[in-house]
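Participant: Please see the structure below; I have some questions.
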Amino acid sequence: GENVEQHPSTLSVQEGDSAVIKCTYSDSASNYFPWYKQELGKGPQLIIDIRSNVGEKKDQRIAVTLNKTAKHFSLHITETQPEDSAVYFCAASKDGGATNKLIFGTGTLLAVQP
Amino acid sequence: DAGITQSPRHKVTETGTPVTLRCHQTENHRYMYWYRQDPGHGLRLIHYSYGVKDTDKGEVSDGYSVSRSKTEDFLLTLESATSSQTSVYFCAIRVSGGAETQYFGPGTRLLVL
Chain Y
8 GENVEQHPST LSVQEGDSAV IKCTYSDSAS NYFPWYKQEL GKGPQLIIDI
58 RSNVGEKKDQ RIAVTLNKTA KHFSLHITET QPEDSAVYFC AASKDGGATN
108 KLIFGTGTLL AVQP
Chain V
-1 DAGITQSPRH KVTETGTPVT LRCHQTENHR YMYWYRQDPG HGLRLIHYSY
49 GVKDTDKGEV SDGYSVSRSK TEDFLLTLES ATSSQTSVYF CAIRVSGGAE
99 TQYFGPGTRL LVL
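Protein chains in written order, with this note's numbering: chain Y, 8 to 121; chain V, -1 to 111.
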C-alpha cells in the first residue's frame, strides 16, 4: 500500500524567512496530494492541494510543487509570519473510485520565531 | 469547519468500558471517515462510510466498530476500551463532485485509564 514520508519533523525559522516541507510517496498511482495545517487543539485544515497533472500550484504565500518522476512533493511558505506556526501534514491518495483514502505523513511542527 | 461537529469533545473512561463517539454533519455528504491521531503516526484511518449502512475498514480498525443509520451521523464505537486507544479522534467528510477533498471536524480527545 501507499506510504508517505515527511521531513523534517520540526522546523524553526525566523519571521520573514521561507519554510519548505518535503514529502515522498511510494505508490506511483497516487494522483492527489493535499496539505493540511493543524493548530493546537483543532482539526486539520486544508490549505492547498495539487493533482498529478499539475507541477506547481500557488495561493498567496503558499505553494506546492510536485515531481512525479521522483515521487515527491513539497510545501513552500514564503514570508513566514508567527501565525504560520502549526503542525503541517501532507497526504496522498488515488483520486476517484468509491472511496478516497488519504495516507498521511507524520507531520512537521513549524515554529516561526518573531 | 465544513459543518462537522463531534461529541463529546473530551472523554475519560476506564479500560473495558464501551465508548461511542459521534460525528454529525449538516450538508448531506455521502462519504464520512474516522481517523485517530497519535504522536509519530500522523492520522490513520479507522473506518469509513460511503453511504447509509455502507461502511468499510481502514488500516487500524481492530477494536473499533462503526454505524451509519442516517446520512448526517457516523458513530464510532470502542467495544471494550483499552489504554492503547487513548488518542485524538477526528471525523472527516469528503466533498465530492469536485476536488474530492476531505474536511475535518474539531476532534474528540479520549483518555482510557
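We put the beta carbon where it would ideally sit given N, CA and C, even for glycine.
Restricting to Cα atoms, I'd like to know which of Cys30(Y), Arg68(Y), Ser16(Y) is closest to glutamate 90(Y).
Facilitator: For glutamate 90(Y), the nearest C-alpha among the options comes from Arg68(Y).
Participant: Could you tell me if valine 17(V) is buried or exposed, where buried requires 16 or more neighbouring beta carbons within 10 angstroms of its beta carbon?
Facilitator: When all chains shown are included, valine 17(V) counts as buried.
Participant: Rounding to the nearest angstrom, what Cα-Cα distance links aspartate 120(Y) and leucine 82(Y) in this structure?
Facilitator: As written in the sequence, residue 120(Y) is glutamine, which differs from the aspartate given in the question. Going from the Cα of glutamine 120(Y) to the Cα of leucine 82(Y) covers about 19 Å.
Participant: In terms of DSSP beta bridges, what is asparagine 74(Y) paired with?
Facilitator: BP columns for asparagine 74(Y) point to His79(Y).
Participant: Strictly under 8 Å for the Cβ-Cβ distance: is proline 15(Y) near chain V by that measure?
Facilitator: No, proline 15(Y) lies away from the interface with chain V (no Cβ there is under 8 Å from its Cβ).
Participant: Would you say asparagine 10(Y) and lysine 101(Y) are within 8 Å of each other, going by their C-beta atoms?
Facilitator: It is not a contact, given that the beta carbons lie outside the stated cut-off.
Participant: Flag glycine 50(Y) as yes if its beta-carbon sits less than 8 Å from any beta-carbon of chain V, otherwise no.
Facilitator: It does: the Cβ of glycine 50(Y) has a partner Cβ on chain V nearer than 8 Å.
Participant: Between the region 96 to 111 of chain V and chain Y, which residues of the former have CB atoms less than 7 Å from a CB of the latter, in chain order?
Facilitator: Listed by position, the residues of the region 96 to 111 of chain V near chain Y (Cβ gap below 7 Å) are Ala97, Glu98, Thr99, Gln100, Tyr101, Phe102, Gly103, Pro104, Gly105.
Participant: What residues from chain Y crowd round glycine 40(V), counting only those whose CB sits closer than 7 Å?
Facilitator: The answer, in chain order, is Phe96, Phe111, Gly112, Thr113, Gly114.
Participant: Can you tell me whether DSSP reads glutamine 13(Y) as helix, strand or coil?
Facilitator: Correct three-state label for glutamine 13(Y): strand.
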